[in-house]
């Protein structure tokens, strides 16, 4: 398996800056692990790294997909693993960062080996989705697969459709396949999670959305709609894009767009925190300890790679315990 370092956390928790710090310390390269930041038309709305941030270290798999295309977790794993292998072969350390829990799960544990779905089923459900709103089908999914429905947003058309087609085609919930039919993992390594408090995160999210709007989020969406005017396209289903599209179409005003965007973002952050905290391999780090922890991590990684003794942990103010440092043995 390919050795990697993973840095995850809820939206707005500071992953981009932390990953850049870690990349500089480790001579690493950053690989995107966020399902929304793959879209080329929404660098601002999806908070992709800025040109200045990208100049600090090589970044991969950001903004390469058109709005009308979708990408599965399986396809992302193939691309991310290939890029990680390329980075390792160049003598550097791949650092995967993002907020899509399914991506990290697929990369580190394997991906569901679901049988091919009959195109007729997919087409029929897609037609239903066109005639009905996404929340209605989300409620249907909640009845058939409450575990998976609780993990996704009620407007996430792509994931709702995928889960429903799997239920209909296989007779088993989508969540069952995630637990019982996994392929071998492609990568191994530590999964650090920025474990922030939701109440602390909320004002940060509000400021970020206000800054996005001030920096031209509406204009970005207008240009995106000129290139893809299908509101059902996968790229429009993400939080931020969906609310702005409703504003552009006159269904809500700008203030309503901002409030709904913030409400949906907070709800998404809550789901992310719940999911990451439940992962057995997650190494939780408090926000105020992220940079000191990553400094210790960088030292540990370098020591393992050079077959040197790992750094001594202090009895007090320890940011990473022995379990955290053991994770870096993948680089030895």
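Residue numbers (the numbering used here): -5 to 326.
The C-beta atom is built at its ideal place from N, Cα and C for all residues, glycine as well.
Take residue i as the anchor and find which of the options has the nearest alpha-carbon.
i           : options               : result
residue 51  : 75, 41, 26 and 73     : 26
residue 77  : 204, 68 and 23        : 23
residue 18  : 29, 47, 5 and 40      : 47
residue 220 : 170, 60, 41 and 14    : 60
residue 112 : 205, 137 and 160      : 160
residue 274 : 284, 142, 229 and 185 : 185
residue 204 : 73, 41, 54 and 29     : 41
residue 53  : 215, 28 and 68        : 28
residue 177 : 67, 6, 56 and 55      : 67
residue -1  : 81, 251 and 44        : 81
residue 157 : 168, 72 and 92        : 168
residue 162 : 142, 138, 200 and 208 : 138
Does DSSP put residue i in a helix, a strand or coil?
i           : result
residue 56  : coil
residue 144 : coil
residue 320 : Summary for residue 320: the model assigns pLDDT 46, below 50, so the residue's position carries little reliability; its value from the coordinates is reported in the next sentence. In the structure shown, residue 320 sits in a helix (DSSP, three-state: H, G or I).
residue 176 : strand
residue 301 : The predicted position of residue 301 is uncertain, since its pLDDT is 44 and thus under 50; a value taken from the coordinates is nonetheless stated next. In the structure shown, residue 301 sits in coil (DSSP, three-state: anything other than H, G, I, E or B).
residue 7   : coil
residue 26  : strand
residue 38  : coil
residue 44  : coil
residue 15  : helix
residue -5  : coil
residue 284 : helix
So, under 8 Å CB-CB, residue i and residue j are touching, yes? Tell me the CB distance rounded to an integer number of Å.
i           : j           : result
residue 179 : residue 104 : 5 Å
residue 123 : residue 145 : Not a contact, Cβ separation roughly 19 Å.
residue 39  : residue 234 : 4 Å
residue 175 : residue 107 : 5 Å
residue 239 : residue 225 : 6 Å
residue 43  : residue 56  : 7 Å
residue 5   : residue 259 : 6 Å
residue 3   : residue 93  : 6 Å
Just list the residues that DSSP pairs residue i with in beta bridges.
i           : result
residue 0   : 90 and 185
residue 278 : 187
residue 33  : 59
Tell me, please, whether the CB atom of residue i is closer than 8 Å to any CB atom in chain C?
i           : result
residue 103 : Looking for chain C here will not work: only one protein chain is present.
Would you call the region 180 to 196 and the region 250 to 270 in contact, with 3 or more CB pairs under 8 Å?
yes
Three or more C-beta pairs closer than 8 Å, one from the region 112 to 124 and one from the region 27 to 46: is that the case here?
no
Kindly confirm or deny that the region 272 to 283 and the region 180 to 190 touch, where touching means at least three C-beta pairs closer than 8 Å.
yes
State whether the region 125 to 135 contacts the region 92 to 103, with contact taken as three or more CB pairs (one from each stretch) at a distance under 8 Å.
no
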